[in-house]
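Worksheet: one structure, shown below.
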Amino acid sequence: MKSIITWLAIITISLTFTVQTYAKIDFESARGIWLLDEGKGDKINDISGNENHGELQGGKWVKGQDGSALSLNGQDDRVIIPDSDSMYLEKAWSITSWVYVNKSENGYGHILGKRPAGGTVANYAFRTNSTGTGWEAYFSRDGWKGAWNQGQVKKDEWLYMTATYDAKDTIKIYENAEEIGSVGGMGKPGPQNDTDVNIGGWTNNTSETLNGMLMRVAIFDSVLEVEDIEELMDKGLLTLLPVEPSDKTCYYMGKPQISAIGKVNRLQPVRYLNDWLHSFSDSCCKN
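Throughout the sequence shown, residue numbering follows mature numbering (1 follows the signal peptide of the UniProt record, and there is no 0), covering -23 to -1, 1 to 264 in sequence.
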């Protein structure tokens, strides 16, 4: 009996340390997380807990590097996410996604944008440049503010792209967790607008949409550090996200899984395993 309890205690301690290694990224700051792993249909789920679900307009479900991905034609394909208070980033922001830019992309291919049809009040946006050869992250406030023509877009391969803005001065762009651009002089954030958010473009525009594929798109109201970006790239959102099981009697160990309608849990899964371990231990001792 003692050996069983000792073994269970070792598992608990091991899992506790495992959870702690995944605790660096503050998922409380996630405003939207769209895995784009639905594989069918036109409903796009936000698992951040903010209910910023979207609707697919056009596009095709294809096989990505790890699960489903969304293929966009560079014309009118996009995901439309209604405006909400949580989609306005009043201070810092980070946009991150797996991106596959087709060789035929030759213009402004947006990963994510909150920019109205008039085009003059952008809260945040991340895209390729006018020739599809460099990266740009930007917003507008008394004119355009951005990091323009950073790095070189690698075509026909999956890249983990990230853009961050610190709400004070600097926009940085990362390719596969390596900084490829840093531009200061941005000043304060852009003003709030009431337009929707687009994955793969911006509102009502048909000339600045991505010609390529996207997976695992997320936006945070904080600045992701390079270590955070590396974790997201190497381990993936599914591994790093703490998840609450829908039925707390269904305990699990190892890599967390998220259902299509799952949400980020603000608690750690090990809590429920601990409950089970205590229950199991008590049961063993009584028998």
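Every residue gets a Cβ at the ideal spot worked out from N, C-alpha and C, and that includes glycine.
Between residue 160 and residue 124, the C-beta gap is smaller than 8 Å, which places the two residues in contact. In the DSSP annotation of this structure, the continuous segment of the beta strand (DSSP E) that includes residue 73 starts and ends at 70 to 78. Nearest Cα to residue 155 within the set 63, 51, 205: 205. The C-alpha of residue 164 is placed about 9 Å away from the C-alpha of residue 118. In its chain, beyond the 5 residues on either side, 135, 189, 190 have a beta carbon closer than 6 Å to the beta carbon of residue 77.
Within the same chain, and ignoring the five residues on either side of residue 180 in sequence, the residues whose Cβ sits closer than 7 Å to its Cβ are 92, 93, 94, 172, 173. Closest in C-alpha terms to residue 41, from the list 70, 68, 3, 16, comes 16. In this structure, residue 12 lies away from residue 2, with their beta-carbon atoms at least 8 Å apart. In this structure, residue 73 sits near residue 209, with a CB-CB distance shorter than 8 Å. Cβ contact annotation for residue 59 (same chain, cutoff 7 Å, sequence separation greater than five): 173, in chain order. By the CB criterion at 8 Å, residue 64 and residue 8 fall inside the cutoff. Here the alpha carbons of residue 198 and residue 4 stand approximately 10 Å from one another. By the criterion of a C-beta distance shorter than 7 Å, residue 129 is surrounded in its chain by 110, 111, once the five residues flanking it on both sides are discounted. Bridge pairing for residue 20: 32 [DSSP].
In its chain, beyond the 5 residues on either side, 32, 33 have a beta carbon closer than 7 Å to the beta carbon of residue 19. Around the Cβ of residue 194, a 10 Å sphere holds 16 or more other Cβ atoms; the residue is buried. Residue 184 carries a coil assignment under DSSP once its states are collapsed to helix, strand and coil.
Residue 217 sits in a helix when the DSSP states are folded into three classes. When the Cα atoms are used, residue 116 and residue 55 turn out to be separated by approximately 20 Å.
Counting along the chain, residue 203 sits inside the alpha helix (DSSP H) bounded by residues 203 to 212. Rounded to the nearest whole angstrom, the C-alpha separation of residue 200 and residue 36 is 30 Å.
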